[in-house]
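Enquirer: Here the sequence shown is numbered in the working numbering, starting from 308 and rising by one per residue. Just so you know, even glycine gets a beta-carbon here, dropped at the ideal spot from N, CA and C.
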Amino acid sequence: MSDAILAFLADYWLSLISVIVLLMLSAFFSGSETALTAASRSRMHTLESNGDQRAGMVNRLIERRDRLIGALLIGNNLVNILASSLTTSLLIGLVGDSGVAIATLAMTVLLVIFSEVLPKSWAIASPDRFALAVVPAVRPFVAVAGPISSLVNGIVRRILNLFGVNLSSDMPMLTAHEELRGAVDLLHREGAVIKADRDRLGGVLDLGELEVSDIMIHRTAMRAINADDPPEVCVRDILESPFTRLPLWRGSTDNIIGVVHSKDLLRALAEPNVEPTNLDIVKIAQKPWFVPDSTNLKDQLNAFLRRKLHLAIVVDEYGQVQGLVTLEDILEEIVGDIADEHDLEIQGVRQEADGSIVVDGSVPIRDLNRALDWSLPDEEATTVAGLVIHESKTIPEERQAFTFYGKRFIVMKRVKNRITKLRIRSADDTAIV
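(1) Any idea if Val419 is buried or exposed, counting beta-carbon neighbours within 10 angstroms, 16 or more meaning buried?
(2) Just how far apart, CA to CA, sit Leu651 and Arg496?
(3) Determine the extent of the alpha helix (DSSP H) in which Thr411 is found, giving its start and end residues.
(4) Less than 8 angstroms between C-beta atoms, sequence neighbours within five positions excluded: which residues of the same chain meet that for Thr710?
(5) Can you list, in chain order, the residues of its chain whose CB lies under 6 angstroms from that of Pro434, leaving out five sequence neighbours each side?
(6) Please report the distance separating the alpha-carbon of Leu618 from that of Leu634.
(7) Measure the Cβ-Cβ separation of Ala688 and Val656 and say whether it is below 8 angstroms.
(8) So, for Leu439: in the same chain, excluding its five sequence neighbours on each side, which residues have a beta-carbon less than 6 angstroms away from its beta-carbon?
(9) If you count every other CB in all the chains shown that lies within 10 Å of the CB of Ile637, and 16 or more means buried, which is it?
(10) Could you work out which residue in Ser669, Arg371, Val642, Thr584 is closest to Leu512 when comparing CA atoms only?
(11) Counting only runs that start and end within the segment 547-613, where is the alpha helix (DSSP H) found for 4 or more residues in a row?
(12) What is the DSSP secondary structure of Ile369, reduced to helix, strand or coil?
(13) With burial defined as no fewer than 16 other Cβ atoms inside 10 Å of the residue's Cβ, what is the status of Glu640: buried or exposed?
(14) Can you list, in chain order, the residues of its chain with a C-beta nearer than 8 angstroms to that of Ile381? Leave out the 5 residues immediately preceding and following it.
(15) Which runs of the alpha helix (DSSP H) fall wholly inside the segment 462-543 and span at least 4 residues, in chain order?
(16) Counting only the same chain and skipping the five closest in sequence on each side, list residues whose C-beta sits under 6 angstroms from that of Arg446.
(17) Between the segment 319-337 and the segment 388-395, do three or more beta carbon pairs fall short of 8 angstroms?
(18) Pick helix, strand or coil for Ser733, following the three-state DSSP scheme.
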């Protein structure tokens, strides 16, 4: 029997080598497909900008991803079928008709291990490096097999059209911003991006989705100067304020006639014969800038930078003053709270010993989510109190409790129709209110 096997090997050694080469080619096509589809486009763009020609080849190939994948699949299936056919022919010549079953089992094991799992696992472990290594060989193959791939793709599209599926009109499931956010969240869960960096990147991505009304200082909390007050009172209020810029109103808080900058006030007081008692506060006020409450933060940030201003008065569609927004408010949506030595420290969120959280009703939902890594929705309401009112469809009484989004909200204090303080705990916590 051994002599027969040796004689067989001597007669068919070329076919055996061919099978081995075909298995290696199958591994090459499988690994190349995985690496090139998983390669980072941003990384390749950076490398190409730095003069890496192979990165440029990768970018050219993945620009037409369907053509690339089609060509590699054609190559992969071609070598797999040829390898299986040669192996079957060899084993039939060696052991007879049972060689078909043996060849099927043997090639299944070899193809799965050495031509699928092993190269794809290797490629996915370092897709960028793998893609750069194989692209010089893949590129000419795609150039040759590309027309066949395009023909196959055309046939596939026509067949799918018969079933009402139009590939050419299908839009991506995710926008670029959603893809970026998903990548950042995934990296955060894996520990590659810390929470603070995730929040900053998320803040940048959210600018186009948030409106000025979502972050403005509401008119009920807005500090402003009455132009009809005595000049010395206005000067004292401005100097005692923690804010650099203050709106100036006359007759009614809806009638904003200017914005006073503390630096302009100090310059005016430094003029000869000018005292706090005879200062005309209206003359040193800058012209107010009114913006709609529906302006998104991305546009408002650009407007702040373009006009070189730091404060704008927010009005609704009827022209009524709703509040004010500052450049710092928008920047805080990106980098988090910015405090300086003159800021007032307001405790809006407090951790209790029993694990519950006591919050002011005016605390923005986004700030609470950032501070506690929660995911309360902020599409329908801006503040925590607004969220409770929206979900309960009523103005709750004190000590009323509601459960939604996995949290238990207990109203601790209400002033008129405003919820001013709440206690929040996990919905699983059965502690007595």
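Expert: This is what the structure gives:
(1) exposed
(2) Here Leu651 scores only 45 on pLDDT, less than 50, and its place in the model should not be relied on; the value that follows carries that caveat. The alpha-carbon atoms of Leu651 and Arg496 are separated by roughly 35 angstroms.
(3) 406-417
(4) Phe716, Ala734
(5) Ala342, Ala345, Ala346
(6) 6 angstroms
(7) no
(8) Cβ contact annotation for Leu439 (same chain, cutoff 6 angstroms, sequence separation greater than five): Arg361, in chain order.
(9) Under the 10 Å beta carbon count, Ile637 is surrounded by 16 or more other beta carbons and is classified as buried.
(10) Val642
(11) The segment 547-613 contains these whole alpha helix (DSSP H) runs: 569-576.
(12) Here DSSP, grouped into helix, strand and coil, assigns Ile369 to helix.
(13) Buried.
(14) Ala452, Ile455, Ser456, Val459
(15) 483-496, 502-513, 519-522
(16) Met364
(17) yes
(18) DSSP places Ser733 within a strand segment (E or B) once states are collapsed to three.
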